[in-house]
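Count along the sequence shown from 1, then add 5; that gives the number in my numbering.
Where a beta carbon is used, it is the ideal one built from N, C-alpha and C, also for glycine.
What you are looking at is a predicted structure, and each value in this text was computed from that prediction instead of being measured.
Working notes, structure below.
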Amino acid sequence: MFHCLWTNLCDICQNNTDDAKQWIHSYTLISKYYPSERVLQRLVFVHMKVKIEFMNLVYLILLNEKTPQPIQLIQQLLNDTSLIQDDIDGRHVQIEGSSCLQLLSSIIQTIDQHFQANNGNNGTLMMDIQQWIIATLKSSKGSSNQEIISILKFLNQTTCHLLLPMKQFLFDELINILIENSRQNRINTQRQFNDFWDRISLLSVIMDCILDENLENYQIPYHPFVIKDVNQNHIIIDLFFFHLRRLITGEKIRVDLINKILLATLPRINNIQQISLAEKVFKQLKEYFILQTTALLLCQPDLGNENQQRINDILRTVIDQYLIIQMPVVELSNYVQHFLSIIITKQSWNYLIDLLKSERLQRLNSRWADTLHDLFVIEHNTQRNKYLYYS
C-alpha cells in the first residue's frame, strides 16, 4: 500500500498534476496502517521507511493552505534529496533511526528558497515541520544519539534560518529525547537527571555540535546588554543556556542544589580540541546559576526549614567570591547587578532593602550589606522624589 502511495506521488510530481486530493485521501486512509518499527528495521524495508517518513512530510505540505505551488515544492524536494530515485544513495540508509531526518538541512534549505521565490511566508509550515521532526524521532524506537546530534548540528549552522522560538522548541525536545534514550538504554547508570543542573553533563554533546566557530570571546546571553546584535543567529550554546534557565523556573531551590553547583567540575568532553572553550562556557554557566539559585533561595519564605549553618556558609562563599564591591563604589559589577535584580524581580525593591538590613546578612558581612543598603536607599528616594516633582 505504501509503495503504491509512493509511486502515485512520484507520478503526480512528474506529470505536474495540481490536483492531489485523491493522494491526500489515500494517505489519510493508508497511514492508519503504519508498519511496526520491527518490520521497518528489516533491511529490505529500510528504503520504504525513508519514503514513508517523507510522505508524512508531503502530507503536511499539501494540507498547509499557505504553501504556494505545493506540488512544485514537493518535486523540488524529491530532486534535491535524491529520493525521486528508486535506489537511495547508501549514505542515507540507516538501520536504526530515521534516515530521512539526515536530509533535514537540504529539506529546510529547499523550503526556504521555494517560499522566497514565491514571496510566501513559511511560518506555519515550519511549525508543522518541527512537529514532524519530533514525531518522527519519537516514533522510531531506534533513534540514535548520532541522529539527534546531527539535527543539533543543523540548528547550530548559520544557514539554519528558523526563528529562535522554533529553534528552542526543537532543541528542548531533542535534549529530552536524548535523556529518555539514556534512561531506556542505560547508557550511563551513574548519570542521573534529578534536577536542572544534572543536565550540565550534556555540555559534552553541545561541544560535539560546534565546528570551527571563533568563540574565544563568547559570553552567555544572560542579559540584553550582552547581546550586541539583536538579529544575531543564536548558536547552540545559547540554546543550551536558555534551556537550563527555563528549567530553573520550576525548581524548588534547596541548599543541596546550590552546593552541588558550587562543587561542580567540568564534565567529560569528548572533543579534545573543544576543552578550552568548554571550560570557559562551563565557568560562565556555573557562576550564573550559582548567583541565580542563591538569589532565588533568599526569596523563598520557608528558609527556616533549611540547615541555617549551610545557608550561611553558601552566602558567605557567594558574597566573598562573586559579589565583591570595589570601594569607592563607582559602578556595581555585572554579577552584583544580576544577583540583586533577581531578588527585586522575584519580590520587590523594599524586600531587597529589608533583606540587606536583615540579621542574617548583617551578621555575615555587615559592610557589604550596609554599602548596598545605603546606595539603594539613596537611589530609591531620588527616584521617588523625581516622580513627586513631576506630579
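E336 is classed as exposed because its beta carbon has fewer than 16 other beta carbons within 10 Å across all chains shown.
Around the beta carbon of Y293, 16 or more other beta carbons lie within 10 angstroms, which makes this residue buried.
Burial check for N275: the Cβ neighbour count within 10 Å stays below 16, so the residue is exposed. DSSP places K291 within a helical segment (H, G or I) once states are collapsed to three. The DSSP-derived three-state label of Q352 is coil. For I330, the three-state secondary structure derived from DSSP is coil. Measuring C-alpha to C-alpha distances from N181 to each of R204, F159, L167, I57 identifies R204 as the nearest.
In this structure, the beta-carbon distance from Q173 to L244 falls below 8 Å.
By the Cβ neighbour-count rule, Y64 is buried, with 16 or more other Cβ atoms within 10 Å of its own.
The three-state reading of DSSP puts G309 in helix, counting H, G and I together.
Excluding residues up to 5 positions away in sequence, nothing lies with its Cβ nearer than 6 Å to the Cβ of V210 in the same chain. About 10 Å separates the CB atoms of I319 and L369; that is not less than 8 Å, and the two are not in contact. Straight through space, the alpha carbons of Q224 and F247 are spaced by roughly 13 Å. Distance between F7 and Q305, taken at the CA atoms: about 57 Å. Here the C-alpha atom of L208 lies approximately 45 Å from the C-alpha atom of H30. Note on geometry: alpha-carbon atoms of Q19 and Q151 lie some 34 Å from one another. Taking the Cα positions, K362 is about 8 Å away from S371. Put simply, the backbone Cα of F176 is about 44 Å away from that of Q367. Looking at the backbone, the Cα of I113 and that of L142 are separated by about 17 Å. Counting the other CB atoms within 10 Å of its CB gives H228 a total below 16, which places it among the exposed residues. Taking 8 Å as the cut-off, the Cβ atoms of L62 and W137 count as close. Under the Cβ criterion (8 Å, minimum of three pairs), the region 300-314 does not count as touching the region 282-290.
The three-state reading of DSSP puts H228 in coil, since its state is none of H, G, I, E or B.
DSSP places G125 in the coil class of the three-state scheme, outside both helix and strand.
When only Cα atoms are considered, A122 and T270 end up about 50 Å apart. Sequence-distant Cβ neighbours of L249 in its own chain, meaning closer than 6 Å and more than five residues away, are F201.
The Cβ-Cβ distance between L303 and L252 does not fall below 8 Å. Look at T115 here: in three-state DSSP terms it is helix. Residue environment: L268 is assigned as exposed (fewer than 16 neighbouring CB atoms within 10 Å of its CB, all protein chains considered). K37 counts as exposed, since fewer than 16 other beta carbons sit within 10 angstroms of its beta carbon. In the structure shown, S363 falls within a coil segment according to DSSP collapsed to helix, strand and coil. With contacts defined by Cβ atoms closer than 8 Å, L160 and I241 form a contacting pair. Classified as buried, L82 has 16 or more neighbouring CB atoms from the shown chains inside 10 Å of its CB.
When the five nearest sequence neighbours on each side are left out, the beta carbons in the same chain lying within less than 7 Å of the beta carbon of K291 are those of I266, A269, in order along the chain. In the DSSP annotation of this structure, the continuous segment of the alpha helix (DSSP H) that includes M212 starts and ends at 208-213.
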